[in-house]
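For the sequence shown, the numbering used here begins at 30 and goes up steadily by one. Reading through the structure tokens given below for one structure.
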Amino acid sequence: LESPFATGVFVNNQTLGAGSNVIYHNLGRLPQGWFVTNIDAAATIYFSSSTTMSISLISNAAATINLFVF
């Protein structure tokens with residue numbers, strides 16, 4: 030079985046504003062999941078939706094994050 034982590038991508042230095050944010054991941058498929066690997070502020074981030082090109086996240090505060098999308 031292939032692990033989704035093996036085909037995941039890092040998306041670094043994404044600046045989020047409070048509210049809805051679109052992040053382009055370049056997976057070429059729908060993501061199975063994501064997690065924050067670094068964040069520079071006290072923000073809570075929620076999943077909103079995804080496409081084969083992007084993921085939409087909602088943040089309650091401005092922050093710069095690094096993500097791993099798989």
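A virtual CB, placed ideally from N, CA and C, is assigned to each residue, including glycine.
Of the listed residues the options, nearest to residue i (C-alpha basis)
i: Ile74; options: Met82, Asn55 and Gly46; result: Gly46
i: Thr93; options: Ala35, Ala70, Arg58 and Trp63; result: Ala70
i: Ser83; options: Asn89, Asn41 and Arg58; result: Arg58
Where the beta strand (DSSP E) through residue i begins and ends
i: Gln43; result: Val38 to Leu45
i: Ser32; result: Per DSSP, Ser32 belongs to no beta strand (DSSP E) and is neither H nor E.
i: Thr66; result: Trp63 to Ile68
i: Thr81; result: Segment: none, Thr81 is in no beta strand (DSSP E) and carries neither H nor E.
Alpha-carbon spacing of residue i relative to residue j, whole angstroms
i: Gly62; j: Asn95; result: 14 Å
i: Thr81; j: Glu31; result: 19 Å
i: Val38; j: Ser78; result: 18 Å
i: Ala91; j: Ala35; result: 30 Å
i: Ser49; j: Asn89; result: 9 Å
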